[in-house]
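Just so we're on the same page, our numbering is the position in the sequence shown counted from 1, plus 1. Cβ coordinates follow ideal geometry from the N, Cα and C atoms, glycine included. Note that the coordinates shown come from a computational prediction; the quantities given were computed from them, not determined experimentally. Structure record follows, encoded as structure tokens.
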Amino acid sequence: MSLTRSRPPVEDARPRDIAPQKKQKLTKAERRQRRRGGWLDAFSRQNLADTILTGYLPIIVALIIIVLPLAWMVSSSFKPPSEIVTLNPTLLPQDPSMSNYGDVVDRVPLLTMFGNSIYVTIVGSSIKVFLAVTTAYALVFIKVPGRNFIFLGILVALMVPPEVSMLPNYLTITGLGGRDTLWGIILPGLGTAFGTFLLRQHFMALPKEMFEAAELDGAGHVRKLFQIAAPVSIPAIATVGLVTVVNEWNSFLWPLVITGSAEKMTLPVGLNLLQSVESQAGSYGILMAGAVIVIVPMLIIFAALQKYIVAGLTQGSVK
């Protein structure tokens, strides 16, 4: 008769499934108390200096520098001259009126200039973005001879101010017959060093496996660009597009140099023409109204699509 020693049951070493604990829902009063506690902690004695120096003080300075002039401009556009040229100015108009905007329409061909700005912005921005996308793709995925030197030239162009090339561009455009024309405004600025640089850095962060798989399927560079690279880079392309649109719309110096008649001027140049017509101190309200007309379209577009700028600038920064 053989004796067998009974072994104690071995516990399973595998981790047991633990039921996920449900998060406890807080009442409105508890959430309010938690937020209040965080706010009070920020203003406690040990955190007061950090809260003011790194939080509220920069916000107040930014509001004074950025927001206050814009608010004053918008408010002054509704003021009569007596409320602007005074020893006791007020931020809000005491007797608001739309007469300044009516005077702007009467003194300059506003609709013509507005149409010129739209045409220059759409055509110039579309070509710039297309060239930036294709150039950045070529610098990353096509073995162009000397592409590192080409990219170095793009970086140099990014650091050189555009005023340096203004005289050569003026002589070239004038020789081609582009003086006082819309295409003369558009042509010199079709290249965008910023857009090419940003998209090149973004394309370099894309997974190479996608393009290798496309090559196995027989895809060429055109398909890889417009079916793979461009669709997955919408935020970065939108960022370049928005920055380009804002720059084209607000461009002043080159359109001022190359145009001479009001029929070919854009809105920023038309505002300068309005300043030449209205040289008296009592016409500040009209000038403010013209400035509001120039910047409001871009402010609306920028505020509506700013999330694409943030996503495009941060995309690819963290892998």
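Could you say which of Ser83, Gly242 and Gly116 lies nearest to Ile128 if we only look at CA atoms?
-> Gly242
Taking Cβ to Cβ, would you say Asn117 is nearer than 8 Å to Met266?
-> yes
Contact check, Val105 vs Leu275, beta carbons under 8 Å = yes
Below 8 Å on the Cβ atoms is my guess for Val1 versus Ile187; work out the distance and round it to an integer in Å.
-> Residue 1 lies beyond the residue range present for the chain, which begins at 2 and ends at 320; the question has no answer from this structure.
Proximal residues to Thr173 (C-beta, below 8 Å), its chain only, five neighbours per side dropped = Pro189
Out of curiosity, what's the CA-to-CA distance linking Gly176 and Gly185?
-> 11 Å
Between which two residues does the alpha helix (DSSP H) containing Arg108 stretch?
-> Ser100 to Arg108
Validate contact between the segment 149 to 168 and the segment 228 to 236 using beta carbons, cut 8 Å, 3 pairs = no
With a 10 Å radius around its C-beta and 16 neighbouring C-beta atoms as the bar for buried, classify Phe150 as buried or exposed.
-> exposed
Range covered by the alpha helix (DSSP H) that runs through Pro298 = Tyr285 to Ala305
DSSP state of Lys23, grouped into three classes?
-> Caution is warranted here: a pLDDT of 49 is assigned to Lys23, below 50, making its placement in the model unreliable, and no coordinate value can be reported.
For Val246 and Ala237, the rounded distance between their alpha carbons = 14 Å
If we count Cβ pairs, one from each stretch, closer than 8 Å, do we get three or more for the segment 256 to 272 versus the segment 143 to 159?
-> no
Under the three-state reduction of DSSP, which class applies to Ser127: helix, strand or coil?
-> helix
Where Thr197 falls, given that 16 or more other Cβ within 10 Å makes a residue buried | buried
What is the rounded straight-line gap between the Cα of Leu156 and the Cα of Val86?
-> 47 Å
Classification of Phe131 by the beta-carbon crowding that lies within 10 angstroms, buried from 16 upward = exposed
Are the Cβ atoms of Phe115 and Pro94 separated by less than 8 Å?
-> no
Is any beta-carbon of chain C found at less than 8 Å from that of Ile229?
-> Absent here is chain C; the protein component of the structure consists of one chain.
Taking C-alpha atoms, which residue in Gly219, Ala133 and Val124 lies nearest to Leu183?
-> Comparing C-alpha distances from Leu183 to each of Gly219, Ala133 and Val124 shows the shortest one belongs to Val124.
Quick one, are the C-beta atoms of Leu159 and Ala133 less than 8 Å apart?
-> no
Consult DSSP for Phe79 and reduce its assignment to one of helix, strand or coil.
-> coil
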